[in-house]
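Working notes, beginning with the structure itself.
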Amino acid sequence: MTIRLHVNIDHIATVRNARGTRYPDPIHAAYVCEDAGADGITAHLREDRRHMVDRDIERLRESITTLLNLEMAGTDEMIGIAERIRPDCITLVPERREERTTEGGLDVVGQRKQMEKVAERARKAGIRVSFFIAPEEAQLVACRDLGAEQVELHTGEYCNLSGNGQLEELERLRHAARVGHELGLSIAAGHGLTRFNLPAIAAIAEIEEVNIGHAIIADSLFMGLGSAVRAMREALNRGLALREK
Ligand code: PXP
Numbered sequence: 217m218t219i220r221l222h223v224n225i226d227h228i229a230t231v232r233n234a235r236g237t238r239y240p241d242p243i244h245a246a247y248v249c250e251d252a253g254a255d256g257i258t259a260h261l262r263e264d265r266r267h268m269v270d271r272d273i274e275r276l277r278e279s280i281t282t283l284l285n286l287e288m289a290g291t292d293e294m295i296g297i298a299e300r301i302r303p304d305c306i307t308l309v310p311e312r313r314e315e316r317t318t319e320g321g322l323d324v325v326g327q328r329k330q331m332e333k334v335a336e337r338a339r340k341a342g343i344r345v346s347f348f349i350a351p352e353e354a355q356l357v358a359c360r361d362l363g364a365e366q367v368e369l370h371t372g373e374y375c376n377l378s379g380n381g382q383l384e385e386l387e388r389l390r391h392a393a394r395v396g397h398e399l400g401l402s403i404a405a406g407h408g409l410t411r412f413n414l415p416a417i418a419a420i421a422e423i424e425e426v427n428i429g430h431a432i433i434a435d436s437l438f439m440g441l442g443s444a445v446r447a448m449r450e451a452l453n454r455g456l457a458l459r460e461k
């Protein structure tokens with residue numbers, strides 16, 4: 217029994233883009249994640265290209281040996297890109313330009329027509345479709361009706377809450393996972409997950425996959441910052457050794 221761990225590497229590109237440099241390279245990050253046991257790499261190509269750009273997705277497709285999950289809005293532009301690049305899976309998410317990160321789940325019920333069109337095009341291209349939704353029965357049923365293989369339950373609310381509120385949201389996620397599974401959907405979860413709030417989610421029997429980004433990149437700073445400082449000190453010392461005596 218295992219749960220697929222898909223690592224979202226968007227924020228490697230965020231750091232790169234902050235300076236317009238070539239580093240840190242998301243493809244390098246993907247290799248490190250795969251080497252450390254990630255089952256897949258997730259990247260979100262946003263309409264405003266604030267982190268990942270089209271070429272990153274193309275290079276990931278050419279390079280990685282695990283699964284590529286492309287998070288995207290369900291627009292004609294994005295499905296066109298997916299048809300060309302052919303990720304293993306697309307996760308359809310809501311997207312608003314002004315948001316800091318994906319806020320709320322996709323309203324599959326309200327956007328049924330467009331989502332149906334996008335899911336159909338993905339299916340024809342041999343791409344698995346996952347819908348990122350709030351843990352609500354109506355959304356689960358709509359996803360099943362559209363022929364989705366998978367849903368990703370939005371864990372953001374659960375991660376933001378504490379105490380009884382968090383326990384109630386956990387119960388909603390448990391219920392949604394059960395209902396989704398009974399509808400024949402594969403169940404993934406993601407957003408806001410950390411080493412601390414993940415175990416309760418991983419304990420839900422139906423969950424087969426998690427998508428985690430921000431917390432892993434954040435942890436990597438402190439798990440690796442000391443090494444980076446030591447490496448810089450070595451470079452400094454190499455320069456010192458070159459000084460004329
Ligand atoms: N799943 C989906 C659908 C997302 O949009 C995101 C954020 O891009 C994640 C998972 C990862 O969330 P986090 O970066 O908070 O781990």
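So for the sequence shown, my numbering puts the first residue at 217; every next one is plus one.
Backbone N, C-alpha and C fix where the C-beta goes; we use that ideal spot for every residue, glycine too.
For residue i, the nearest candidate out of the options (CA to CA)
i, options, result
"Arg339", "Ile306, Pro415 and Glu398", "Ile306"
"Asp241", "Arg262, Met268 and Met217", "Met268"
"Ala354", "Val325, Arg271 and His370", "Val325"
"Gly400", "Ile423, Gly256, Gly290 and Leu383", "Ile423"
"Lys329", "Gly363, Arg344 and Glu299", "Gly363"
"Ala259", "Gly236, Arg235, Thr237 and Val223", "Val223"
"Gln327", "Glu315, Arg316 and Pro310", "Pro310"
"Val345", "Ala434, Ala298, His430 and Met217", "Ala298"
"Ala431", "Arg300, Ile228, Val334 and Leu276", "Ile228"
"Arg411", "Cys249, Glu319, Ile428 and Glu250", "Ile428"
"Arg414", "Val248, Leu386 and Asp292", "Rather than Arg, the amino acid found at residue 414 in this sequence is Leu. Measuring from the Cα of Leu414, the nearest candidate turns out to be Leu386."
Where residue i falls, given that 16 or more other Cβ within 10 Å makes a residue buried
i, result
"Arg232", "buried"
"Phe348", "buried"
"Pro303", "buried"
"Gly296", "exposed"
"Glu278", "exposed"
"Thr281", "exposed"
"Tyr239", "exposed"
"His244", "exposed"
"Arg266", "exposed"
"Val452", "Before going further, note that residue 452 is Leu rather than Val in the sequence given. Classification of Leu452: exposed, given that the 10 Å Cβ count is below 16."
Length of the line joining the Cα atoms of residue i and residue j
i, j, result
"Leu409", "Glu336", "30 Å"
"Arg449", "Glu460", "19 Å"
"Ala457", "Ala447", "15 Å"
"Asn285", "Gly442", "31 Å"
"Ala350", "Gly455", "55 Å"
"Thr230", "Arg271", "15 Å"
"Leu356", "Met288", "19 Å"
"Gly406", "Ala416", "13 Å"
"Glu352", "Ile403", "13 Å"
"His391", "Ala418", "14 Å"
Helix, strand or coil at residue i [DSSP, three-state]
i, result
"Gln366", "strand"
"Val334", "helix"
"Ala434", "helix"
"His391", "helix"
"Ser402", "strand"
"Ala288", "According to the sequence displayed, residue 288 carries Met and not Ala. Looking at Met288 - three-state DSSP - the assignment turns out to be strand."
"Val324", "coil"
"His260", "strand"
"His397", "helix"
"Thr237", "coil"
Could you please go through the chain and list the residues whose beta-carbon is closer than 7 Å to any non-hydrogen atom of the ligand PXP? Asn224, Asp226, Thr258, His260, Glu287, Thr307, Val309, Thr317, Thr318, Phe348, Glu368, Gly406, His407, Gly408, Leu409, Asn427, Ile428, Gly429, His430 and Ala431
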